[in-house]
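In full-length UniProt numbering, the protein residues as written are 1 to 380.
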């Protein structure tokens, strides 16, 4: 989580005494909107870019002010009103509002309690409403069991607890929110179901692939040129965690097990390799969620951040994306600087080398597996 984002939220709702007193759902939604904005609105004008974080935090406050009973919001954008209004309206239009949707009338305490659960009742209610309120061509209601997952603009209930489970098993809870942001970006681009048939048909391999790419990038950043053995071990640990998830993860609040695990499939090591290969070739690593890994590693390395995704009990969100750019690039009159994900020439070159390295390692493992199969056939 970006320190500047928390500071921005405190400026919008100044009655809160400190960042630690901010409602967790508000912080998570603001972070999620900031991450999505960098993907859905990656090219803003210079005068709009400096207000991106403020606008996303403002949107989060507006969308949760009723459910969280927030105090009066005091917007103080760092740009002229005309520019800010245009930016705010644009982001409000392109960023999905599903995560702020409400349901039945609840007391403030129950609303906060339910909102705090990662994958809690707010998201589950949305998932059910998408299914229960669907109307067929003949006017008849479509039951959840009859409607395909691909028709719904939300992640299935098992995604969040499974991410928490898998990241815990591989001792990388700090990346849980980054993995979630990756899933949301790829499965729900611009808040709508993707038309990519492979993605919709391979949610479990996709989750494994995103998790692996994230964990592997940490190895690349923290361990200089990790070898093939490290690659194979990381993949083996991740596969073991994924295989245990279906039996050990409990999806709370969904009574129908088929509904809770809709879109799930058992996977093998080859599925992870295919997902990683698709990701590297599709350029997933150029998205904001992937760029946030470096920022998280640097923050943890300097002691400025704790586990970036250590606890998923808070709703949508991801850590602040992007490396901190040179302050001179973002200087304003009030001397405050913003972090952002900018695709520089150096990053393009780093990404190219990273992509080539990952694809080469996948190819090595494939050849090794083929050799082992040939030996087994000869022995038989």
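Glycine is no exception: its CB is placed at the ideal position from the N, C-alpha and C atoms.
Is residue i near residue j, with beta carbons less than 9 Å apart?
i	j	result
residue 35	residue 176	no
residue 242	residue 210	no
residue 389	residue 212	The structure shown does not extend to residue 389, since the chain is modelled only from 1 through 380, so no value can be given for it.
residue 41	residue 94	yes
residue 207	residue 159	yes
residue 72	residue 51	no
residue 165	residue 249	yes
residue 193	residue 202	no
To the nearest angstrom, how far is it from the Cα of residue i to the Cα of residue j?
i	j	result
residue 183	residue 235	18 Å
residue 204	residue 171	19 Å
residue 5	residue 286	22 Å
residue 92	residue 289	20 Å
residue 262	residue 156	7 Å
residue 191	residue 96	5 Å
residue 18	residue 69	17 Å
residue 283	residue 76	36 Å
residue 298	residue 173	16 Å
residue 8	residue 167	29 Å
residue 228	residue 221	16 Å
residue 178	residue 216	13 Å
residue 281	residue 163	23 Å
residue 45	residue 65	29 Å
residue 49	residue 43	8 Å
residue 223	residue 39	28 Å
residue 54	residue 47	13 Å
residue 142	residue 219	Because residue 142 sits at a pLDDT of 43, beneath the cut-off of 50, its placement in the model cannot be relied upon, and the following sentence gives the value as read from the coordinates. If you take the alpha carbons of residue 142 and residue 219, they lie about 46 Å apart.
residue 3	residue 25	16 Å
residue 246	residue 257	11 Å
residue 195	residue 274	19 Å
Using only CA atoms, which one of the options lies nearest to residue i?
i	options	result
residue 198	166, 278, 256	278
residue 161	219, 251, 221	251
residue 239	78, 255, 276	276
residue 56	280, 260, 85	85
residue 296	249, 214, 195, 54	214
residue 169	201, 237, 270, 39	237
residue 233	33, 196, 202, 269	269
Sorted by chain position, which residues of the same chain lie with C-beta nearer than 7 Å to residue i's C-beta, five sequence neighbours on each side aside?
i	result
residue 74	12, 14
residue 443	Absent from the model: residue 443. The displayed extent of the chain is 1 to 380, so no value can be given.
residue 37	52, 56, 91, 95
residue 80	none
residue 326	With a pLDDT of 30 at residue 326, under the threshold of 50, the modelled position of this residue cannot be trusted, and the question is left open.
Using C-beta distances below 6 Å, list every residue in its chain close to residue i, excluding the 5 sequence neighbours before and after it, in chain order.
i	result
residue 21	none
residue 265	204
residue 33	56, 59, 60, 95
For residue i, which residues of its own chain have a beta-carbon under 8 Å away from its beta-carbon, when the five flanking residues on both sides are left out?
i	result
residue 267	204, 205, 208, 239, 242, 243
Practice task
Tell me, please, whether the segment 20–29 touches the segment 58–74 by the rule of three or more beta-carbon pairs shorter than 8 Å.
Solution key: yes
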